[in-house]
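J.: I'd like to ask some things about the structure below.
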Amino acid sequence: MGKFAIMKEFGVFLLERKKWWITPIVLMLLLLGSLLVFTEGSALAPFIYTLF
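The numbers in my numbering rise by one with no breaks, and the one at position 7 of the sequence shown is -3.
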């Protein structure tokens, strides 16, 4: 299995089950997670953590 097998399987799930309302939720979770990962070592970290 490749690195993108889970994303491919998720895409197939969305197409087959017509669960398009899940897509914005997953995208927002990925954006917030990447924001936390990329700013954890920077000077912006205290300001990001106050948002949550």
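Idealized CB from N, CA, C, for every residue including glycine.
#1: Identify the continuous alpha helix (DSSP H) that holds Lys(-2) and give its terminal residues.
#2: Find the nearest neighbour of Val16 within the set Ala35, Glu6, Gly1, Leu41, judged by alpha-carbon distance.
#3: Measure the C-alpha to C-alpha separation of Ser24 and Ile(-4) and round it to an integer number of angstroms.
#4: Quick check: Leu19 and Trp10, are their CB atoms within less than 8 Å of each other?
#5: Return helix, strand or coil for Ile33, following the three-state DSSP convention.
T.: The short version:
#1: Counted from its first residue, the sequence shown places residue -2 at position 8. Unbroken alpha helix (DSSP H) run through Lys(-2): -5 to 7.
#2: For the purposes of this step, residue 16 is taken as residue 26 along the sequence shown, with counting starting at 1. If we check each option's Cα against that of Val16, Gly1 comes out closest.
#3: In the sequence shown, residue 24 corresponds to position 34, counting from 1. In the sequence shown, residue -4 corresponds to position 6, counting from 1. So the two alpha carbons sit approximately 18 Å from each other.
#4: Position 29 of the sequence shown, counted from the first residue, corresponds to residue 19. Position 20 of the sequence shown, counted from the first residue, corresponds to residue 10. Taking 8 Å as the Cβ cut-off, Leu19 and Trp10 do not qualify as a contacting pair.
#5: By one-based count along the sequence shown, residue 33 stands at place 43. At residue 33 the sequence reads Ala, which differs from the Ile that was named. Three-state DSSP puts Ala33 in coil, outside helix and strand.
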